[in-house]
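Engineer: The opening position of the sequence shown corresponds to residue 1 in the UniProt record's numbering, with each subsequent residue numbered one higher.
The C-beta atom is built at its ideal place from N, Cα and C for all residues, glycine as well.
Predicted, not measured: the structure shown is a model, and the values here were computed from it.
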Amino acid sequence: MLVKINGSAVYGVDAIPITVEVNWMNSGKDPSIVGLPDNAVKESLQRVESTIKTNGYAMPRTKVVVNLAPADIKKSGTAFDLPIALGILAASEQISNTESLSQYVIMGELSLDGAIRPIKGALPIAIQARKQAFKGLIVPKVNAREAGMVNNLQVYGVQHIKEVINFFENGEKGLEPITINTRDEFFTSQYEFDIDFADVKGQENIKRALEIAAAGGHNAILIGPPGAGKTMLAKRLPTILPPLTLHEALETTKIHSVAGKLPENATLISRRPFRNPHHTISDVALVGGGTLPQPGEISLAHNGVLFLDELPEFKRTVLEVMRQPMEERKVTISRAKVAVDFPANFMLIASMNPCPCGFYNHPERKCTCPPGAVQKYLNKISGPLLDRIDLHVEVTPVPFSELSTFRKDESSAMIRERVINARAVQSERYKAFPGIYANAQMTSKMLREICAIDNVGQMLLKSAMEKLNLSARAYDRILKVSRTIADLEGSEKIKPEHLAEAIQFRSLDRENWAG
1 MLVKINGSAV YGVDAIPITV EVNWMNSGKD PSIVGLPDNA VKESLQRVES TIKTNGYAMP
61 RTKVVVNLAP ADIKKSGTAF DLPIALGILA ASEQISNTES LSQYVIMGEL SLDGAIRPIK
121 GALPIAIQAR KQAFKGLIVP KVNAREAGMV NNLQVYGVQH IKEVINFFEN GEKGLEPITI
181 NTRDEFFTSQ YEFDIDFADV KGQENIKRAL EIAAAGGHNA ILIGPPGAGK TMLAKRLPTI
241 LPPLTLHEAL ETTKIHSVAG KLPENATLIS RRPFRNPHHT ISDVALVGGG TLPQPGEISL
301 AHNGVLFLDE LPEFKRTVLE VMRQPMEERK VTISRAKVAV DFPANFMLIA SMNPCPCGFY
361 NHPERKCTCP PGAVQKYLNK ISGPLLDRID LHVEVTPVPF SELSTFRKDE SSAMIRERVI
421 NARAVQSERY KAFPGIYANA QMTSKMLREI CAIDNVGQML LKSAMEKLNL SARAYDRILK
481 VSRTIADLEG SEKIKPEHLA EAIQFRSLDR ENWAG
């Protein structure tokens, strides 16, 4: 008897429909799986056989052929265990209600005793099931809340194969579809942070720089000695970013679902991601890839922040592969038979010591590095990468007088309100430019029109370029940052004071910075 069960496979951040065809024949022996299965899929027959026998059913003694269609797409992972097991039971007439089986998408990994283990990519699978107008989706209970975010689709969470068999044998009764109020849960948890800028003593200039970065979507690098608070400040950046929209949250959740990074019983990700990879990370782990392409850290940071601590310690090859994704805001990974796109629209925040010993330009301690060591250290970061960083922020240690004060500093909520207002101005400004939503994304052509400055501003910028020996690449960055500063102030025009503040954030572009 031939039976067809509906499944799904994840490629990139989307799912495609897969039909699990099972045919039980009266002759031959040894079950087989065809349709480009990988080793994990091939091994499913062992798990399926153990599950069937452990739960009191019979494994067919004659030949069983399992075909995963379409057969020209490689299938991977363990999520096909459950549909294969149900297909074998239905084909051998141990499940009679085969008509109902065809109305559901069914996915899950099996333990040897029939318990159902979690899978990756439940959210894109649910989205695809709704697109195809299936009656429902059956997934492991751990993944049910994640898949249940999709409207107009009945999602059933199961813990054991017996629950699924009984559901179909009893006329689709015995299981209740999961119901969650996604919107309420999403909006109530958006502002729940364990950290706050109010906890930071002093460092007003650094807070101001991060506020500007958040308001304009600018990349930034924090330069300062060990213990000055670079990492502590960077970790608080997500607390002042605008809240995720539902569309952004869905995009972000899909990526984490595909990568298997969602916690158990998770729903929508409500806060912007903050990814902090170690400096020993490989280029594949950062950008994504592998035999079966998986998202890397820059995609996991989509709609959020990628923080690279001690930037010069990262391998140069790792840093160089970020250049194209930073421009295009996506990663394309190509293989012989497949090419997948992963979104990568993130803010880059980096930190570094000013020199190998860490005390170059320190107000109190003396740098012990030999001549030329500072420049050699800075040269670990390539010019093209540095060119994509708008704000260079010098971080100095906080004096004891500020550390010991009991003064209450400005909270993240207060700063975030100004950031949201500035982003609203930019959203209105760029509504005619698809894909552009912040000042940091302006093209050179847009820059001349949107960042026009008067004669006084031109003279100030020219003087700064000459006196500070700023490089040519600093010009566009200064204009973009000054536009953001003007937006924060609610000014339609860029004023000389906005330019003056932007100029001070170009430390590494000064030709004499490293002595």
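Three-state secondary structure (DSSP) at Q94?
Structural biologist: The answer is coil: DSSP assigns Q94 none of H, G, I, E or B.
Engineer: How about L460 and L499: do their beta carbons lie closer than 8 Å?
Structural biologist: The answer is yes: Cβ separation under 8 Å.
Engineer: Output yes or no for whether 8 Å exceeds the beta carbon distance between G136 and P177.
Structural biologist: For G136 and P177, yes; Cβs fall inside 8 Å.
Engineer: T239 lies in the alpha helix (DSSP H); which residues open and close that run?
Structural biologist: Element bounds for T239: n/a, residue is neither H nor E.
Engineer: How big is the Cα-Cα spacing for E251 and R316?
Structural biologist: Taking the straight line from one Cα to the other gives about 30 Å.
Engineer: If you measure from the beta carbon of V318 to each beta carbon in chain B, is any gap under 8 Å?
Structural biologist: Absent from the structure: chain B. Only one protein chain is present.
Engineer: Curious, which full-length beta strand (DSSP E) runs of at least 3 residues does the region 326-356 contain?
Structural biologist: Taking only runs of at least 3 residues, the beta strand (DSSP E) segments lying wholly in the region 326-356 are 330-334, 339-343 and 347-352.
Engineer: Contact check, A228 vs T332 under 8 Å by CB: the rounded distance?
Structural biologist: The pair is not a contact, with the Cβ atoms about 38 Å apart (cut-off 8 Å).
Engineer: Can the beta-carbon of P83 be found less than 8 Å from the beta-carbon of W24?
Structural biologist: Against a cut-off of 8 Å, the Cβ pair of W24 and P83 comes out as no contact.
Engineer: Using only the alpha-carbon positions, how far apart do N67 and K29 sit?
Structural biologist: The straight-line gap from Cα to Cα measures roughly 16 Å.
Engineer: Excluding five sequence neighbours on each side, which residues of the same chain lie with their C-beta closer than 6 Å to the C-beta of I73?
Structural biologist: Excluding residues within five positions, none has a Cβ falling inside 6 Å.
Engineer: Going by DSSP, name the residue or residues bridged to E394.
Structural biologist: DSSP, once it has assigned bridges, lists I223 as partnering E394.
Engineer: T19 lies in the beta strand (DSSP E); which residues open and close that run?
Structural biologist: D14 to W24 is the extent of the beta strand (DSSP E) around T19.
Engineer: Quick check on the burial criterion: 16 or more other C-beta atoms within 10 angstroms. Buried or exposed for Q103?
Structural biologist: Counting Cβ neighbours within 10 Å, Q103 comes out exposed, since fewer than 16 surround it.
Engineer: What is the DSSP secondary structure of G515, counted as helix, strand or coil?
Structural biologist: Confidence in G515 is poor, its pLDDT being 49 and thus under 50, which makes the residue's placement too unreliable to answer from.
Engineer: Report the residue from G174, L308, H160 and A464 whose alpha carbon sits nearest the alpha carbon of T54.
Structural biologist: Ranking the options by Cα distance to T54, first place goes to H160.
Engineer: Mark E93 as exposed unless 16 or more other C-beta atoms lie within 10 angstroms of its C-beta, in which case mark it buried.
Structural biologist: The residue is exposed, with fewer than 16 neighbouring Cβ atoms inside 10 Å.
Engineer: How big is the Cα-Cα spacing for I221 and R423?
Structural biologist: Between I221 and R423, the C-alpha separation is close to 21 Å.
Engineer: Assess contact between the region 105-114 and the region 234-252, defined as three or more Cβ pairs (one per stretch) separated by less than 8 Å. Is contact present?
Structural biologist: The region 105-114, when compared against the region 234-252, does not touch it at the 8 Å Cβ threshold.
Engineer: For I255, which option in T291, I125, Q441 and S463 has the closest C-alpha, if you only look at C-alpha atoms?
Structural biologist: When each option's Cα is compared against that of I255, the closest is I125.
Engineer: Please report how far the alpha carbon of G515 lies from the alpha carbon of Q375, in whole angstroms.
Structural biologist: In this prediction, G515 scores a pLDDT of 49, lower than 50, which makes its location untrustworthy; the coordinate-derived value is nonetheless stated afterwards. G515 and Q375: Cα-Cα distance of roughly 8 Å.
Engineer: Return the chain-ordered list of same chain residues with a C-beta closer than 7 Å to the C-beta of D81, the five sequence neighbours on each side being excluded.
Structural biologist: Counting only Cβ-Cβ distances below 7 Å, and skipping sequence neighbours, we find S44, R47, V48, G108, E109 and L110.
Engineer: Residue range of the alpha helix (DSSP H) that G457 falls in?
Structural biologist: That run of the alpha helix (DSSP H) goes N455 to K467.
Engineer: Using only CA atoms, which one of D454, A144, Y57 and L262 lies nearest to I165?
Structural biologist: Minimum Cα distance to I165 is reached at Y57.
Engineer: Put L308 into one of helix, strand or coil per three-state DSSP.
Structural biologist: DSSP places L308 in strand when its eight states are reduced to three.
Engineer: Going by the beta-carbon positions, is the gap between I95 and I52 smaller than 8 Å?
Structural biologist: No. Outside cutoff.
Engineer: Does DSSP put L475 in a helix, in a strand, or in coil?
Structural biologist: Correcting the residue identity first, residue 475 is Tyr in this sequence and not Leu. The answer is helix: DSSP assigns Y475 an H, G or I state.
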